[in-house]
Structure formats: structure tokens, C-alpha cells
Amino acid sequence: MADKLYVGRRKTSVARVYLRNGSGKVTVNDREFENFFPLKYHRDDVLQPFKITETLGKYDVFINVRGGGLSGQSEAIRLGISRALIEINPDFRPALKAEGLLRRDPRMVERKKYGQPKARKRFQFSKR
Numbered sequence: 002m003a004d005k006l007y008v009g010r011r012k013t014s015v016a017r018v019y020l021r022n023g024s025g026k027v028t029v030n031d032r033e034f035e036n037f038f039p040l041k042y043h044r045d046d047v048l049q050p051f052k053i054t055e056t057l058g059k060y061d062v063f064i065n066v067r068g069g070g071l072s073g074q075s076e077a078i079r080l081g082i083s084r085a086l087i088e089i090n091p092d093f094r095p096a097l098k099a100e101g102l103l104r105r106d107p108r109m110v111e112r113k114k115y116g117q118p119k120a121r122k123r124f125q126f127s128k129r
């Protein structure tokens, strides 16, 4: 496989990304890329770092991702790939940073509070 592991996170998703020179084959959890992400939106999200750095088809990517849903997983993978590309070639950093691909999105689900049905929603209030 590869000699270095790169990690990306988003919400509750954690992606471990391995990059090596190849033909551009992407494998996610031992499944084909198109089978794991049936929506084009998620596939484009994952491949965005390669398109920005013009390295699409130059690296084989092996990904192990756990937790969350498809959107969180695709964004976690995107961050892991961006970090891997910078390690390979530091000249990619300004282009990836300008697109905001090096920043871990800090937004998380707000916890539910007691005495309320959801995080912010209140039970119905009766004045009389």
C-alpha cells in the first residue's frame, strides 16, 4: 500500500487516506468509487483537490472511512486528500488554501438539552 496515512474529519466521519502514484483509481472501503458514492455531487466533492491541483488521474487513492453519512464522509475524504497532496508537493498549498480545502469544518451537531424536545426547540408554552 502506501507508506503514509493522512486523516480527514468532518462531523462524526473519520477518513484515512493512502495516496500513491498510479492511474487515478479510487477505492473506498474496498468498494468501487462509483458504488460507494452513487451521487455525482459527492464524487465531485472527493475529487475537487485533484482538479484544483491538476493531478487528476496521477494517483491511486485507497480510503477507509467510518462514521457519519455520505456528505460528512465525502468532505472528510476531501480534507485527507488535500493534506496528502500538500505533503507530496508543498507548492499545492496556496491553491488548496484559496479554495478552503485545508480547513476542518468545525460545525458539529448541537446537543439536546433536558426539558426540551430538541437542541433549540421548546415544548409548547401555555400562558393560561
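Count the sequence shown with this note's numbering and you get residues 2 to 129, in order.
For every residue, glycine included, the Cβ atom is placed at its ideal position computed from N, Cα and C.
Small disclaimer: the values here were computed from a predicted structure and weren't measured.
Remark: fewer than three beta-carbon pairs, one from each stretch, lie closer than 8 Å, so the segment 115-124 and the segment 38-50 are not flagged as touching. Only buried fits Leu86, as 16 or more other CB atoms lie within 10 angstroms of its CB. In this structure, Leu97 lies near Ile53, with their beta-carbon atoms less than 8 Å apart. A distance below 8 Å separates the beta carbons of Gly73 and Ser14. Judged by DSSP secondary structure, Arg84 falls within the alpha helix (DSSP H) whose first and last residues are 71-89.
In this structure Arg123 is exposed. Its beta-carbon is surrounded by fewer than 16 other beta-carbon atoms within 10 angstroms.
Ala77 is classed as buried because its beta carbon has at least 16 other beta carbons within 10 Å across all chains shown. With a beta-carbon spacing of about 19 Å, Arg21 and Leu80 fall beyond the 8 Å limit used to define contacts. The beta carbon of Phe37 is closer than 8 Å to those of Val29, Asn30 in its chain, skipping five residues each way along the sequence. In the three-state DSSP reduction, Leu97 falls in the helix class (H, G or I).
Under the 10 Å beta carbon count, Ser24 is surrounded by fewer than 16 other beta carbons and is classified as exposed.
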